[in-house]
């Protein structure tokens, strides 16, 4: 069985993409195709979330196994599409930028038999440009992280009366 997925962005109204996946494809193969078609950087941590009709996040399917025994998650490599997608109008959220909580919204818009001459997954249509993370966004994110770290370090120093020389021992 083939699921035709419609992928949209809440950031770029003119962008949408259709991807067709075989029910036995893994979420990793879907992730790889989205990364390729949207020219996303491959070093970003990404996740899929099973969603309800109100786009509320449910079960998480992660790129990396976080070894968190309390969280109910699956990994993209081990999870076939048909484990979570089974029918028309099923929904997913694909988070491609964990730091800024940016994602794409995915809906099953068709279910059909496969074409023998097609290798799945495949992008069958794309319109517009996907959202991008500019280098300015990355630099700003790194600067914000550095500022937060410096503020925390300063707070810890003042709370504990540490000098710059004592910081390495403290950390």
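Residue numbers (this note's numbering): 812 to 982. Glycine is no exception: its CB is placed at the ideal position from the N, C-alpha and C atoms. Values in this document were obtained by computation on a predicted structure and should not be read as measured data.
With 16 other Cβ atoms within 10 Å as the buried cut-off, status of residue i
i: residue 889; result: exposed
i: residue 901; result: buried
i: residue 867; result: exposed
i: residue 982; result: With a pLDDT of only 46 at residue 982, under the threshold of 50, the placement of this residue in the model should not be trusted, and no figure is reported.
i: residue 856; result: exposed
Distance, residue j Cα to residue i Cα
i: residue 817; j: residue 895; result: 16 Å
i: residue 887; j: residue 831; result: 17 Å
i: residue 876; j: residue 883; result: 11 Å
i: residue 924; j: residue 891; result: 17 Å
Backbone secondary structure at residue i - three-state DSSP
i: residue 842; result: helix
i: residue 863; result: coil
i: residue 871; result: strand
i: residue 930; result: coil
i: residue 893; result: helix
i: residue 848; result: helix
Same chain, Cβ closer than 6 Å to residue i, five either side skipped, listed in chain order
i: residue 858; result: 871, 873, 906
Sequence-distant residues of its chain with Cβ nearer than 8 Å to residue i (five each side left out)
i: residue 753; result: Here the chain covers residues 812 to 982 and nothing more, so residue 753 does not appear.
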